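Okay, so here's the structure we're looking at.
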Amino acid sequence: MTFRRALLHLRHLTLLVHTTVSASTDASSLPRTGIKARHLAVLPLNNGQCAALDRLIDVSKRSWRLRAVTQDVEHSLPMDRGRRFYNRRLVETLEQSDYNRAWGILETLHRRYPDKSVLWPYTYNLMLRHYCKQQKTLMDENLMRVLTMLDVMVDHSCANETSFQVAMAACSRARHLRSARHVLEKMQEAGENPDARIYGFLINCCARRHGLVKTAEEYFDEMLDAGIKPTSLVINALLRVYSRDCERSKVMMELVDRARNEFGLVPDTVTTRTMVYYLLREGDVDEAVDYVRNVERFFVCDVTARLPVKRQVVNALIDASRQRGEWDHADYALTLVTRTDATGVSAANTIKDVQNSKKLETLVAKRDTASVPVVWAQAKQDWSQMTRREQHSYFLHRNQKESIERALEVMRLRTPPLIADRAIQRLSLKLESKLRVLDELVCTGTASAAHFNTVLGACGKQGQLASAVSVFTKMKKYAEATPECAPTSWSYNALLNAYAVCGDVCGTESIVTEMIENDVQLDQVTMNTILKAHVTRLKNSPCGDWRTHVDITMQALSFFEWCTEDRKLDPGAATYYSLFRLFATYLETYSKADYDPVAQSTSEESCNEEVMESQDDELIASMGEFISTTCHDAPPGSLDIGVFNNAFNYYCQLGDVDKSFRLFDTMKKRGFQPDDTTLGLMFATCASQQQFEVGLRFLDYLMTTDGYKPTLKILSGAMQLCANSKNPDGALELFRAIEMSGTFSPTVETYEPLVFAYARVGNVTRAWEIANEMEEKLGRASISIYNRILLACVEAALPGRALEVLGVIRLKEGVSLDVVSYNTALEAFVRAGERAAWWRKNKSNWEEEDLFCDENVEYDTNEDGMDDNKYVESDSIVGDHAVVKDGPASAHSIDECTVKAVSTQDHEHGQHEKAAWVRESVMNLLDEMRQDRVKPDKTTFERAIAACSVNQDSEGVISVFDTLIDRRWGENAVELKSDLVTESSFSAYLVECTTLRDKDRVLEAPTLLHKWHTATGQVPPVFVVMQMLDSLEDLGEWRRAVRMLPEWQTSFGVAPSVSVYNRVMRMCNRAEEYQLVASIFATMQDTAAYRVHPDAESYIQRIYADEQRENWVAATDLFVEMQKRCPRDEISHHQLQKIALGRYRLRQSET
C-alpha cells in the first residue's frame, strides 16, 4: 500500500509539472530542465490567473486522504451559521492537530462563500503557524499549503505583517528561495514593508548547497539601504550562508565584528557554534580559540555568567586542539566547560556531552594525541586537508544527510524538558511565550529568581520597556511571599537595559534612586548601562535642539563623576567605550544641527547665540582633554582598541588631523596595535579635511618605518584616498603593487576604488578598460563597477556615452541594472545641460578664441592626464567581451553640441533638437525602469526633471512630472506619489507651467501641494510656496491667492507666514485692488486668527495702498508706527522708494 501511494504521488507530481510548464507564458521565467519535481510543485501558486478557490482545490487533489476528509467536511459542516461558529470550529480542529480536517474546513468555507472571507485574520494566522511548525516533517506539502493560504489571504485582504512573517519562516525552514521571493512579492503587493525578520528568513533561504553568497549579500545590502537595523537572526543567517562555502572565514569574522561595533549585537550560541565549527573545518584552531576568547571578553565583568556557547561546541574545540597537540588551547577550552549554556538541550544530549567532557579531560591530562576522535573527526571535517573533489563530495554528503534527517525527524523520540525553567530559556526569541510561561509559574508558585531574571534580560535585550516594568513589578510582589526572589543587582541592571535601549534617561534615574533606597549595590554594569541610555537619548534627540544635546552630555558626565568619586566604582574599558561614543555622538548631532540654521532677528537672540557657541567650545575642549588624559594615564587594563577607536571617531567628527595623529602616538606608546578600523578612521579624518596626501604619507611611513603590513581593506582605503584626491595614477600604482606582492589577490572591492579614481577625472575609456580587466581576471562583474563607469560619463558630461554603457550592461550576464545606474545616467544629462548653458552664457569669450570650432587644433593634456576637451571624447569602449562603437548620430551630436559653438542662426534649431532628444531619452529610461521592474526613487524624477529643465524644455518637465504624479484623464485624474515628489521637482514644474502660460496646471498646484501635505504630514517648503504664489501672480490669478489665505492652515498644516501675507498684498497692489490690502493687513494682527507680526515690507505694502487711495492720514500714522516698531536697519532705501512718504523722508535726510 505504501508503494502504491508513493507511485500515485509521483504520477500526480509528473502531471502537475507538465501542466505547469505548458501553462507558462514566459519561457524565461522557469527553466524546463534540471529542476526537480518537488521544486516545481511549490512554484506554480498561480500567477494571478486562477481564483482563490481553484488554488485550494488544486492543493486538495494532491492527496487522496485530504480529498476524502474534504468531502466528509462538506457533508458534515453546518450551513448558514455565523462567523464565530466557523472560526471556533477551525480553532478546535487545529488544537486537536487534525490538519487535514482543518484544511477541509477552509476549502469548504471558500467553496460556499467565494466572494467574502468567513474566517478572521487571527484564525488564518493561527492555521499558518500550525502548518509552519510541521514544515520539517512534510516539507513540500506544508509549504505549498502555506503559500496557497497566503495567496488566498492576500486576495481577501486578510494578510497582515504576521502572516507574511510566518509564511517566510516556512520558506526559510525549507530553504526554498523561489517561494520566499513569491512571499516577498505578495508582501509588496499588499503594501507591507519587509522588516529585519523577513530579510533574515530570505537570507537563510540562501543557505543551501554551496551557499548563494551573492544573493544573500544583495538582500543584506538592500536591508541596510532601506534603513533597517540587522538583528541576530539576520547575522546568523548570513553566517550560515557563508559557512556553506570554503575560504570564507575572513568575511565571517568581519561580519561578526561589524555586527558588534556597528549594530551593537552580542554573539549568541548560534553565532558561536557557526563560527567555531567553520574555523575548525578550515583547520584554523588558533583562530577558533581567539574567537572564543573575544566572546568571553563580553562577560569579563561577571565570571559566573553563562557564555553563549554550547558544551558540544566546547568539546569539539577541546578535541580538535588535543588531536593537534595544542595543549594551551585545550586547557583553556576545558575552563569554559562549566560556563556553557545548556538552554534548549535535551536530557539525553546533556548527559552525552558531560560524558564526552570527562573523557576529553582525561585525554588532555595524559597529553594523548593518538586516541581516536571523541566528538571531532579531524580527517573527515577539516577542509584544509581535503582536495577540491573531496570538498565537493563532503558538501554533497552533508546535503543528503540533512535531507534524510529532516525527513526522518518525525520518527525520532523527543525527550521532555527536565524542569519548567528550560521552557523559558528555550523560547529565546519569543518574548510573549516567555511571559506566558512566567505567569503560569507565578500562578503555581514555582517561579524562582532565575525565571524572573531570564525574562527581564530578554525584555531588556529587545527594548520592551513596558514588559520589563511589568515583570519587575511582579517580581517584587512575588518576593513578599518568597524573599529569595527579591530583585538583585542583576535584576535592576536588566531593567535598566530596557530603559537604555529606549533612551529613557529619566526612568534610569528613578531606578537608581530605588536601588539606593533598597540597599542594592550599584556596580560597573549599572554605570555602563546608564551611560548607554544617554548615548541612545542623544542619538534620538532633534538635531537642531542644541540645549538638549548639551544637557544630555553634561548629565552623563555628572553621573560618571558621581559613580567614580562618590560610589567608588572603577571604570573599565566598557565605561570609557560608552563615554567616548557619547562624545562622538554629540559632535555628530552638533554637525547636523549646523545645517539647520535658525534665523535670529533680535540682538538678544544674537547674544544668546554667542553664549551658546562659547559654551559649546568649552564643552568640546573639555571632551578633548578628557580623552587625551584618559588614553595617556588610564591603567592599561581599562583600555582596549575599541576605546581608542571611539576616540579616533571623536577626532574624525571634530576634523582634527593633528590630534588624531597625537592620539596614534599615545596608543603605540601604551602598547596597543592599530587595526583596520583605526586606520580607516584616520584616513576618514584626513579625507574630511581634504588632506589626502597626508593620509597616504602616513600609510607609507607605517609600512617603511614600523614594518606594518597593511591588509587588503587598508590598501583599498588608500586607493579610495587617491580617488578622492583625483589622483588615478596613484591609485593605479597601489593596485599594481597589490598584484605584484603576491600576498593578496585583487577582489571586486579592490577594483572599485581604481575605477572610481578614473571616474572622478571623467576618463570613461580608462575606467572601462579596468572593468574589463577585472571581468577577465575574476570571471565576474559587479554592477557597482559599471555604476562607476557611468559616473565617469557624468564627470565628462557625456550623456550619449552613458546610454551606450547602459546598453552594454544589459548584455552582460549576471549583472542587472539598479536604480543607481539609471540615476547616474540621468545625472549625465543634467551635467551636460549645465555645461552647455555655461558655454552659451560665456559664448562671446570662447568665440573670440575660436578654440573649440577648429578641428585641427591639438589639445594638451592637463595634470590629471585628461584632455581639456574631454567632454567631446569619442573613443570607443573596448573590452574583451564588448565593443561599443560610435552610437547613433543623434546621441553623439548631442554630446558634441554641448561644447561646440553653433552659429547664431542655427542656435534655436539646434537647441530645440537637443531638448527633444533629451526628453525622448529621459522618457525611454523611465520606461525601461518600469519594464525592468526597477523602482524609481526621489532622485530619479528629480534628475529627470532637471535634465529637461536645464535644456529649457518646458514640455519635457511637464511630461516627467505627469509620469511622477501618474496623471490620468477621468474622475481621479491624479494619483500623487508623495514619497517621490521633492521640493525641487515641484518648483521646477511650477516654473515651466508658468513659462507655457498653462493656467489649469498652475491653478491645480495648490491642490497637489495639499495632497502632498496630507500624505506626508510635512509642511510645504517656503520656496515652493513662494514659487506657487509667483506663478499665480504671473498668470493674473491673484484672486486665487487671496482666497487661499483663510484656508491656509487647513490646506498646508501651518499658518501663513509674514512672507506669504506680504506677497499676497503686493499682488493686490499690482492689481490695483487696494481695499483688499487693508483687510489682509488687519487679518495678520487678529489675535483670534494667526497673530502674525508685520515687518517693514508689510507696512510698506499697506502704506502704498493707502497712498493710492489718497488716505494720507492713515498712511502717515502707519508710517510713524513702522518707524517705531521696526529697527532702522531693517527698512531699506529700496523699500522707502516705493512709497511717497518714504521718498519725502529720503529727500529730507539728504538735505
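Positions -22 to -1, 1 to 1129 (mature numbering (1 follows the signal peptide of the UniProt record, and there is no 0)) are the ones given, in order, by the sequence shown. Backbone N, C-alpha and C define an ideal beta-carbon position, used for all residues, glycine too. As the structure is a computational prediction, the values presented were derived from the model and not from experiment.
Open item on the list: Would LEU693 and LEU710 be called neighbours here (beta carbons separated by less than 9 Å)?
Closed with: For the purposes of this step, residue 693 is identified with residue 715 of the sequence shown, where counting begins at 1. For the purposes of this step, residue 710 is identified with residue 732 of the sequence shown, where counting begins at 1. No, these two residues do not count as a Cβ contact at 9 Å.
- [ ] Check whether the Cβ atoms of MET1100 and TYR1122 sit closer than 9 Å, and answer yes or no.
- [x] Within the sequence shown, the letter at position 1122 stands for residue 1100. Within the sequence shown, the letter at position 1144 stands for residue 1122. No, the pair does not count as a contact, with Cβ atoms beyond the cut-off.
Open item on the list: Starting from GLN1086, trace the alpha helix (DSSP H) in both directions and tell me its first and last residue.
Closed with: Along the sequence shown, one-based indexing puts residue 1086 at 1108. Element bounds for GLN1086: 1074 to 1086.
Task: Between the CA atoms of VAL212 and ASN103 - distance to the nearest angstrom - done: Looking up residue 103 in the sequence shown gives position 125. Looking up residue 212 in the sequence shown gives position 234. Our two residues, ASN103 and VAL212, have alpha carbons roughly 23 Å apart in a direct line.
- [ ] Indicate the three-state DSSP secondary structure (helix, strand or coil) for residue 1167 in the structure shown.
- [x] Residue 1167 lies beyond the residue range present for the chain, which begins at -22 and ends at 1129; the question has no answer from this structure.
Open item on the list: For GLY1120 and LEU1114, what's the separation of their Cα atoms in angstroms?
Closed with: If you number the sequence shown from 1, residue 1120 lands on position 1142. If you number the sequence shown from 1, residue 1114 lands on position 1136. Answer to the nearest angstrom: the Cα atoms are 4 Å apart.
Task: Residue burial classification, SER95 (beta-carbon count within 10 angstroms, cutoff 16) - done: One-based indexing of the sequence shown puts residue 95 at position 117. When all chains shown are included, SER95 counts as buried.
Task: Outcome for SER135 when other beta-carbon atoms lying within 10 angstroms are tallied against a minimum of 16 - done: Looking up residue 135 in the sequence shown gives position 157. Around the Cβ of SER135, a 10 Å sphere holds fewer than 16 other Cβ atoms; the residue is exposed.
Open item on the list: If I follow the unbroken alpha helix (DSSP H) through SER426, where does it start and stop?
Closed with: Sequence index remark: in the sequence shown, residue 426 carries index 448 (1-based). For SER426, there is no enclosing alpha helix (DSSP H), as DSSP gives it neither H nor E.
Open item on the list: On the DSSP letters alone, give me the boundaries of the alpha helix (DSSP H) that residue 1135 sits inside.
Closed with: As displayed, the chain neither begins before -22 nor continues past 1129, which places residue 1135 out of reach and without an answer.
Task: Reduced DSSP category for SER95 - H, G, I as helix; E, B as strand; rest coil - done: Residue 95 sits at position 117 when you count from the first residue of the sequence shown. The answer is coil: DSSP assigns SER95 none of H, G, I, E or B.
Open item on the list: Helix, strand or coil for PHE734? Go by DSSP, reduced to three states.
Closed with: In the sequence shown, residue 734 corresponds to position 756, counting from 1. Helix at PHE734.
TODO: Pull up the distance between the alpha-carbon of ILE1109 and that of ALA1056, whole angstroms please.
DONE: For this step, residue 1109 is matched to residue 1131 along the sequence shown. For this step, residue 1056 is matched to residue 1078 along the sequence shown. C-alpha separation (whole angstroms): 20 Å.
Open item on the list: Taking a contact to mean a Cβ-Cβ separation below 9 Å, would you say ASP548 touches GLN502 in this structure?
Closed with: The sequence position of residue 548 within the sequence shown is 570, counting from 1. The sequence position of residue 502 within the sequence shown is 524, counting from 1. The criterion of a C-beta distance shorter than 9 Å is satisfied by ASP548 and GLN502.
- [ ] Using the Cα positions of residue 1211 and GLU805, report the straight-line distance between them to the nearest angstrom.
- [x] The structure shown does not extend to residue 1211, since the chain is modelled only from -22 to 1129, so the question has no answer here.
TODO: Below 6 Å CB to CB, which residues in the same chain sit around PHE939 once its five sequence neighbours on both sides are set aside?
DONE: Walking along the sequence shown from the start, residue 939 turns up at place 961. Excluding positions up to five away in sequence, the list reads TYR967.
TODO: Measure the alpha-carbon distance for residue 1141 versus GLN1053 and round it to whole angstroms.
DONE: The question about residue 1141 has no answer here: the residues shown for the chain are numbered -22 through 1129.
Open item on the list: Considering just the uninterrupted stretch of the alpha helix (DSSP H) at PHE276, what are its terminal residues?
Closed with: One-based indexing of the sequence shown puts residue 276 at position 298. No alpha helix (DSSP H) holds PHE276; DSSP gives it neither H nor E.
TODO: Report the rounded CA-to-CA distance for ASP858 versus GLU754, giving the unit in angstroms.
DONE: Numbered from its first residue, the sequence shown carries residue 858 at position 880. Numbered from its first residue, the sequence shown carries residue 754 at position 776. In this prediction, ASP858 scores a pLDDT of 38, lower than 50, which makes its location untrustworthy; the coordinate-derived value is nonetheless stated afterwards. The straight-line gap from Cα to Cα measures roughly 8 Å.
Task: Reference GLY1014, options GLU1025, ALA1049 and THR994, closest by Cα - done: The count along the sequence shown starts at 1 and reaches residue 1014 at position 1036. Among GLU1025, ALA1049 and THR994, the Cα nearest to that of GLY1014 belongs to ALA1049.
Open item on the list: Helix, strand or coil, according to DSSP, for GLN651 in the structure here?
Closed with: Position 673 of the sequence shown, counted from the start, is the residue given in the question as residue 651. Looking at GLN651 - three-state DSSP - the assignment turns out to be coil, as it is neither helix nor strand.
TODO: Taking all protein chains shown into account, decide if THR607 is buried (16 or more other Cβ within 10 angstroms of its Cβ) or exposed.
DONE: As a first step, residue 607 must be located in the sequence shown, where it is residue number 629. Under this definition THR607 is an exposed residue.
TODO: With a floor of 4 residues, list each alpha helix (DSSP H) that falls wholly inside the segment 225 to 267, ordered by position along the chain.
DONE: Taking only runs of at least 4 residues, the alpha helix (DSSP H) segments lying wholly in the segment 225 to 267 are 227 to 239 and 247 to 259.
Task: ALA446 versus LEU474, CYS463 and ALA459, residue with shortest Cα-Cα distance - done: By one-based count along the sequence shown, residue 446 stands at place 468. Checking every option, the nearest Cα to that of ALA446 belongs to LEU474.
Task: Buried/exposed call for TRP895, threshold 16 Cβ in 10 Å - done: In the sequence shown, the residue the question calls residue 895 occupies position 917. Per the 10 Å Cβ criterion, buried.
Task: Cut-off 8 Å between Cβ atoms - residues of its own chain near ILE1117, not counting five sequence neighbours on either side - done: The residue labelled residue 1117 in the question sits at position 1139 within the sequence shown. ILE1078, ILE1081, TYR1082, GLU1085, ALA1093 and PHE1097, listed in sequence order.
- [ ] Please determine, among ALA534, VAL332 and GLY485, the residue with the shortest C-alpha to C-alpha distance to LYS288.
- [x] Counting from one through the sequence shown, the residue named residue 288 turns up at place 310. Distances from the CA of LYS288 to each of ALA534, VAL332 and GLY485 were compared; the closest alpha carbon is that of VAL332.
- [ ] Would you kindly check if the distance between the Cβ of ASN702 and the Cβ of THR656 is under 9 Å?
- [x] Translated into the one-based positions of the sequence shown, residue 656 becomes position 678. Translated into the one-based positions of the sequence shown, residue 702 becomes position 724. Not a contact, by the Cβ cut-off of 9 Å.
Open item on the list: Looking at the secondary structure, which residues open and close the alpha helix (DSSP H) in which LEU776 lies?
Closed with: Position 798 of the sequence shown holds residue 776. Where LEU776 is concerned, there is no enclosing alpha helix (DSSP H), given that its DSSP letter is neither H nor E.
Open item on the list: Once DSSP output is grouped into helix, strand and coil, what is the label at ALA80?
Closed with: Counting from one through the sequence shown, the residue named residue 80 turns up at place 102. In this structure, ALA80 counts as helix in the three-state DSSP scheme.
Open item on the list: Since LEU434 and SER469 should fall inside the 8 Å C-beta cutoff, what is the C-beta to C-beta distance between them, to a whole number of angstroms?
Closed with: Taking the sequence shown and counting its residues from 1, one reaches residue 434 at position 456. Taking the sequence shown and counting its residues from 1, one reaches residue 469 at position 491. Yes, LEU434 and SER469 are in contact; Cβ-Cβ is about 6 Å, under 8 Å.
Task: Rounded straight-line distance, which links the Cα of TRP746 to that of ARG897 - done: Counting from one through the sequence shown, the residue named residue 897 turns up at place 919. Counting from one through the sequence shown, the residue named residue 746 turns up at place 768. Computed Cα separation, rounded: 27 Å.
Open item on the list: When you compare the CB positions of ARG675 and PRO706, do they come within less than 9 Å of one another, or not?
Closed with: The residue given as residue 675 occupies position 697 in the sequence shown. The residue given as residue 706 occupies position 728 in the sequence shown. Between ARG675 and PRO706, the C-beta spacing is not below 9 Å.
Task: Beta carbon of ALA185 nearer than 9 Å to that of VAL144 - done: The residue given as residue 185 occupies position 207 in the sequence shown. The residue given as residue 144 occupies position 166 in the sequence shown. Their beta carbons are not under 9 Å apart, which means ALA185 does not touch VAL144 by this criterion.
Task: Where the alpha helix (DSSP H) through residue 1134 begins and ends - done: This structure does not reach residue 1134, given that the chain is present from -22 up to 1129, and the question cannot be answered.
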